[in-house]
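Shown next, in C-alpha cells, is the structure this report addresses.
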Amino acid sequence: MQNKINIQNKKARFLYEILDKYTAGIVLSGTEIKSIRSSKASIAESFCEFNEQGELFVINMTVEEYKFGNYYNHRPKAERKLLLNKRELKKLEKEVKNSGLTIVPLKLFINDNGYAKLNIALAKGKKLYDKRETIKDRDNKRNLDRVKKIYK
C-alpha cells in the first residue's frame, strides 16, 4: 500500500531503562501527517508529560513543515496530544507522580490503517555506570560476533 515509516529514538534505549511499553495514537493536523508520511519527523529530544486535565502530550517532537503547505501549515515543535485508554492514562500518571519515572517516545510509525502511532515507554534514567556497562556489553557482543564469523 505505502512505504513503511519507522522513525526511532535510538538514544532513549541508551539513556533510560525501559520498564513498560504502550502504543498511543497522536492527534495531528493534515499537514503534519503528510510530513510524517514523507519521513520528515524526529523524536530524538522529545518526552511526554501530563497537563492539568490528566491528558498526555508529547513535547519537543519535531515535525517539519510540509513543503507544499500554504498559510495553514503547522508549527514544527507544537505539543501533540497522545491518545490512550483512560485506565492506561491513570496508571501512567500515578507511576510518574509517585515513582519519579518519565515517559519517553521510542518509535513513530504508521499502522496498516494509515494512522500515525507512537510507541512510548515508562522509563527510569540510567546512571553513568549503567551506561558504561551497556557500552561494554555492546563491544563484547561485537567482538564475539567477529570471532564467530572468522571460525565459521
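Numbered according to the numbering used here, the sequence shown spans residues -3 to 148.
Even for Gly, the Cβ is constructed at its ideal location relative to N, Cα and C.
1) Looking at L97: is its Cβ nearer than 7 Å to the Cβ of E91?
2) Would you give the residue range spanned by the alpha helix (DSSP H) that K30 belongs to?
3) Go ahead and pull the three-state DSSP assignment for K17.
4) Using the Cα positions of I29 and S35, report the straight-line distance between them to the nearest angstrom.
5) Using the beta-carbon count (16 or more within 10 Å), is S95 buried or exposed?
6) Just list the alpha helix (DSSP H) runs in the region 33 to 111, keeping only unbroken ones of 4 residues or longer that don't cross its boundaries, in chain order.
7) Could you tell me whether the Cβ atoms of N5 and L102 are closer together than 7 Å?
Taking the coordinates as given:
1) Yes, the pair counts as a contact, with Cβ atoms nearer than the cut-off.
2) Segment 26 to 33, the alpha helix (DSSP H) holding K30.
3) Reduced to three states, the DSSP call for K17 is strand.
4) The alpha-carbon atoms of I29 and S35 are separated by roughly 10 Å.
5) If you draw a 10 Å sphere on the C-beta of S95, you find fewer than 16 other C-beta atoms in it, and that means exposed.
6) For the region 33 to 111, whole alpha helix (DSSP H) runs of length 4 or above, ordered along the chain, are 82 to 95.
7) Contact: yes.
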